[in-house]
Structure formats: structure tokens, C-alpha cells
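Participant: The structure follows.
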């Protein structure tokens, strides 16, 4: 028998794993299937307790951790995104989340002796009208302001101020949106 474990502890562990496994199967395998229509996926996620305000979630997305996820109205989530909600995840309205985006809310503490088994978590908040490019990773405790564009492949390790474009590893300011060159001005000059 496992060190220090009793039959009751093992039975409780098996029951928890089966409960989690069944919920994960419904959420990620059934609702996440490419064969599941978006309207049905939306209904399943809502029935499972997720605060999803949009049916624009594509297939193959994975939800782990908890159900404390809010996805705002008219936000679209592309294929193969990963939401790890040990702490709350809040995504505003009119956002675009590109394929293979990862949002993480937990980590392990690091001390003088290295990585510990103690888990830490912090919420992630994404404002309104945010565009996360393909393969963006958002780490625990980050707040992304309204009207932000995060370039493909960026790793967001700290808060991002509103109205700007960020990119890189770690993500850093590239320019503000009011610095964007006007297409009409560029065409007239050419």
C-alpha cells in the first residue's frame, strides 16, 4: 500500500479522479470535438457552469482547473486554445483569441532549494477588444488592458497597458495604437 495512505484515502482519490475525468470528458472531448457544432459546444459549457457569453468557440479547446472562466460577448476563440483556470480567467467583449493560445493561472513556488511542491495561483484578466495572436502564452497574475494587440508567439509575463501593440519573449511594448501609420497617408505619399 502507498506510504501513509489508507483505503479510505485511496477510495476518495479514485472517486475524485473519476468525477474529474467525467467532467473533463464532457467539456474537452465532447464539447471540444470538431464534430460538435458551436451552438452545442456553447450550451455544454454553459451547462457545465462556465460563464461563456459567446458561441464563437472553435473546436479542440481545453479547459482545466476550475470553471471560473468568463468569456465576454462577441469574443471569438480559435482552435487548440488552452485555459488553465486554477484561479479565475476573465476575458472581455469583442476579443479575438488566435489558435494555440495558452492562458495559465498557476505555477509552483521557487525557493532557495529550488522548485517546491507548493502550488501558487493568480487570476488573469484580459480587457475588451484585445487580440491575442497565434501561440501567445499569458502567465499567472497578468492583466491585459483594453484595445491591446499581442503579436504571435509572445509570452505575456506582466501587465500590459491599454491601447498598444506588444510582442516578444517576454512581451514588451512595440508601439501605441495612436502611433499606427495611416494607410491613407502612406498610399497618398506613394
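Numbering (UniProt numbering), first residue to last: 1 to 190. Backbone N, C-alpha and C define an ideal beta-carbon position, used for all residues, glycine too.
1. Spatial neighbours of residue 27 within its chain, please: C-beta separation below 6 Å, excluding the five flanking residues on both sides.
2. Under 8 Å, Cβ to Cβ, is there at least one residue of chain D near residue 66?
3. Rounded C-beta distance between residue 122 and residue 105? I'm assuming under 8 Å.
4. What's the call for residue 137, buried or exposed, on a 16-neighbour Cβ count within 10 Å?
5. Give the secondary structure of residue 9 by DSSP, where H, G and I count as helix, E and B as strand, and everything else as coil.
6. Taking the alpha carbon of residue 98 as the point to measure from, which residue in 15, 153 and 133 has its own alpha carbon closest?
7. List the endpoints of the continuous beta strand (DSSP E) containing residue 103.
8. Does the stretch 137 to 151 touch the stretch 159 to 169, meaning 3 or more C-beta pairs lie closer than 8 Å?
9. Please find out if some non-hydrogen atom of the ligand SAH comes closer than 7 Å to the beta-carbon of residue 176.
10. Does the beta-carbon of residue 39 have 16 or more other beta-carbons within 10 angstroms, so that it is buried, or is it exposed?
Facilitator: For this structure:
1. In chain order, 48 and 63 place their CB closer than 6 Å to the CB of residue 27, counting only its own chain and leaving out the 5 sequence neighbours on each side.
2. Among the chains in the structure shown there is no chain D, since it carries only a single protein chain.
3. Rounded, the Cβ-Cβ distance is 6 Å, consistent with contact.
4. The Cβ neighbour count for residue 137, taken over all protein chains shown within 10 Å, is at least 16; the residue is labelled buried.
5. Taken through DSSP and simplified to helix, strand or coil, residue 9 comes out as helix.
6. Answer by Cα proximity: 133.
7. 102 to 104 is the extent of the beta strand (DSSP E) around residue 103.
8. A contact exists between the stretch 159 to 169 and the stretch 137 to 151.
9. As for the ligand SAH, it is missing from this structure, which has no ligand bound.
10. So residue 39 ends up on the exposed side.
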